[in-house]
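Here the structure comes first, spelled out in structure tokens, and everything after it is commentary.
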Amino acid sequence: MSGRVAALRGATVSLRDDPFLRPSAACLEHHDDALIVIEDGTITVFGDYAATKDRLPAGVEPQRFENALITPGFIDAHVHYPQTQMIGAFGADLLGWLERYTFPTELMFADRAHAETVAALFLRALFAAGTTTAAVYGTVHAHSVDAIFAEAERFGARMIAGKVMMDRHAPEALLDTAERGYAESRALIARWHGRGRLGYAVTPRFAPSCTEAQLDAAGALLAENPGVHLQTHLAESEAEVAWVRELFPARADYLDVYARHGLAGPRSLFGHAIHLDESAFARCHACDAALVHCPSSNLFLGSGLFRLFEAVDPRRPVRVGLGSDVGAGTSLSPFRSMGDACKVSALGGRRLDAAQAFHLATLGGARALGLDDRIGRIAVGYEADLCVLDLAATPLLGFRTSWCDSVEELLFALMTLADDRMVRATYVAGARVFDRDG
Ligand code: GUN
Ligand code: ZN
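Have a look at this one:
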């Protein structure tokens, strides 16, 4: 054994399998009193304390968390860090909100120092919310991506990000060209992709802001760089879908626009995906593209209700993660997203149970990102990205959680009541990156 060794002790909860495909009770793994030993950022011992305490390395005293719940670090599979400064800006609908608030905000990122300030604040806010991995949009400015990657690297966080590509339908100063989008993205991939825990996502903003030439450039980047992700928006609002129909009349539908340019595949992350029909879900399954449910944003902008249970239909399941979509989403807290996901499913006539919601925010998010062999679970061999929740963070939480008889009931209550105040500590690769009381 060498390097950094740490140990945590307390109650834990983690998913071991997909509760949309198997009974929830079989997927949840819960320990009232567990030991987690971390060596060089990886979990090397995990299990009931009584059964594993003999494997505690000599001289290591576990940090004990009482009245707490240790979870995997949460995964935000769709978020715009430059929009941190405009969360909650009033917008009539998606397209109006982009024009009125988003583009003016993103213009400010021409200033590298501004990008660095916001990146630093954003990453600390993510950790304070209990999130340890995110798929992050920069702006069109390549240095906006340098800023977020540099900050993530300082903490050793597993982070995915990319430079927005857009060459039409936005203010001139926010546009690149197909050639520049390609060249700048390529340089960013060379600089950052696979460096430590960082990964690049080719990021055409959405079909309306990209010419065919730019979508081709994105497709070339994806084909030439195996392992990079593709992130974009898909079928978020009805007006947007109608616009795409006008702009790409030869395509069968919105998904087909991306597919024709080689952008629909196993590394693709399509945000929102609200206005999709069965054929589009089936094509996502066939090409193994992942969808990102962004309920907070969809409720805020009134974009529509994502049909989660249709997406994950076991007959042709599509991988789905959970995204805050800040700044159209109104909170970075995974609890807000989980709670909103529950309400959206209820409006669609289905109840999301606690294991399913936690799966979306942890192991399911990791599966959507193709990272479920290393993050999203508490298990031996997994990277030690963890969140410690204080079950008595407020008098109300302490009172309510004391009345929970099962871990399922506890998780469900947390989904509606919890927020950042409950996050006692966040660990990235075994190192504490956030300490509420420290
Ligand atoms: N579609 C294109 N750009 C954006 C964005 O920044 N936020 C959201 N929610 N949808 C988009
Ligand atoms: Zn978005």
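For what it's worth, the numbering used here labels the leading residue of the sequence shown as 786, then goes sequentially.
Cβ atoms here follow ideal geometry from the backbone N, Cα and C, with glycine treated the same way.
Comparing alpha-carbon positions, which option in the options lies nearest residue i?
| i | options | result |
| --- | --- | --- |
| P1080 | V1029, H1057, V1042, L1061 | H1057 |
| A810 | F1219, V1218, A1139, T1201 | A1139 |
| Q870 | V1111, S1082, G1004, A843 | V1111 |
| V1208 | D1190, L1182, E1194 | L1182 |
| G966 | F875, V1026, G923 | G923 |
| A895 | L911, R801, H865, H926 | H926 |
| E969 | R1162, V987, C1189, V1213 | V987 |
| I945 | A1005, H865, P804 | H865 |
| F1120 | G1108, A1131, S1130 | G1108 |
| P804 | A1177, C1189, L1137 | L1137 |
| S1088 | R801, V845, E957, H1018 | H1018 |
| Y1039 | E891, A1164, S1022 | S1022 |
| E981 | A937, A1005, D961, G1004 | Note that residue 981 is Gly in the sequence shown, not Glu. With distances taken between Cα atoms, G981 lies closest to A937. |
| G941 | C1072, R897, R909, V1192 | R909 |
| C1172 | G1161, P1180, R897, T1179 | G1161 |
| I872 | T1115, E901, T1147 | T1115 |
| A1096 | I1059, F1085, A1113 | I1059 |
| N1010 | M893, P993, W1188, A972 | A972 |
| L959 | F991, L892, P989 | L892 |
| L813 | F1197, V1192, A1198 | V1192 |
| G1133 | H978, T1147, R1092, T856 | R1092 |
| S1053 | H1070, E846, L1061, N1083 | H1070 |
| E1168 | A1027, T856, L1007 | T856 |
| H978 | A1008, P956, G947 | G947 |
| S1130 | L1117, L1090, E957, D1220 | L1090 |
Please determine whether the Cβ atom of residue i lies at a distance below 7 angstroms from any heavy atom of the ligand GUN.
| i | result |
| --- | --- |
| H1070 | no |
| A946 | no |
| F991 | yes |
| T988 | no |
| T890 | no |
| H1078 | no |
| L1182 | no |
| S1122 | no |
| E957 | no |
| H1060 | no |
| T996 | no |
| E1009 | no |
| E824 | no |
| E1021 | yes |
| T1115 | no |
| T1211 | no |
With a cut-off of 8 angstroms on the beta carbons, I'd call residue i and residue j a contact; round off their distance for me.
| i | j | result |
| --- | --- | --- |
| F1055 | V1077 | 7 angstroms |
| F859 | G915 | 5 angstroms |
| T783 | D952 | This structure gives no information on residue 783, because the portion of the chain shown stretches from 786 to 1223. |
| G984 | V1013 | 7 angstroms |
| F727 | V1218 | No statement about residue 727 is possible, as the shown extent of the chain runs from 786 to 1223 and does not include it. |
| A791 | L1174 | Actually they are not in contact, since the Cβ atoms of A791 and L1174 sit about 18 angstroms apart, beyond 8 angstroms. |
| D1170 | R943 | 7 angstroms |
| L793 | Q848 | 5 angstroms |
| V1042 | A992 | 5 angstroms |
| L1061 | A1027 | Actually they are not in contact, since the Cβ atoms of L1061 and A1027 sit about 15 angstroms apart, beyond 8 angstroms. |
| A1002 | A963 | 5 angstroms |
With hydrogens ignored, establish whether the beta-carbon of residue i is closer than 7 angstroms to any heavy atom of the ligand ZN.
| i | result |
| --- | --- |
| D1110 | yes |
| H863 | yes |
| G1089 | no |
| H1014 | no |
| G1056 | yes |
| H954 | no |
| H978 | no |
| H815 | no |
Please name the residue or residues paired with residue i in a DSSP beta bridge.
| i | result |
| --- | --- |
| L1076 | F1055, V1105 |
| Q848 | L793 |
| H1018 | G1056 |
| T918 | I860 |
| M950 | P989 |
| G984 | I945 |
| G832 | L820 |
| Y1212 | L1171, R1217 |
| V798 | H815 |
| T1201 | In DSSP, T1201 forms no bridge with anything. |
| A935 | Answer is none; A935 lacks a bridge partner. |
| H1070 | Beta-bridge pairing links H1070 to no other residue. |
| I855 | T797, V1173 |
Under 7 angstroms from any heavy atom of the ligand GDP, does the C-beta of residue i make it?
| i | result |
| --- | --- |
| T918 | Here the bound small molecules are the ligand GUN and the ligand ZN; the ligand GDP is not part of this structure. |
Checklist entry - How do the stretch 816-824 and the stretch 868-887 stand: do at least 3 beta-carbon pairs fall below 8 angstroms, yes or no? => result no
How do the stretch 903-918 and the stretch 847-867 stand: do at least 3 beta-carbon pairs fall below 8 angstroms, yes or no? yes
- Message: Can you confirm whether the stretch 929-942 touches the stretch 901-914 when touching is taken to mean that 3 or more C-beta pairs between the two stretches lie within less than 8 angstroms?
- Response: yes
Checklist entry - Any contact of the stretch 828-842 with the stretch 1189-1205, i.e. 3+ C-beta pairs under 8 angstroms? => result no
*Decide if the stretch 1098-1107 is in contact with the stretch 1151-1158; the criterion is three or more beta carbon pairs, one per stretch, under 8 angstroms apart.*
yes
- Query: Is there contact between the stretch 1125-1133 and the stretch 1030-1046, where contact requires at least three CB pairs shorter than 8 angstroms?
  - Reply: no
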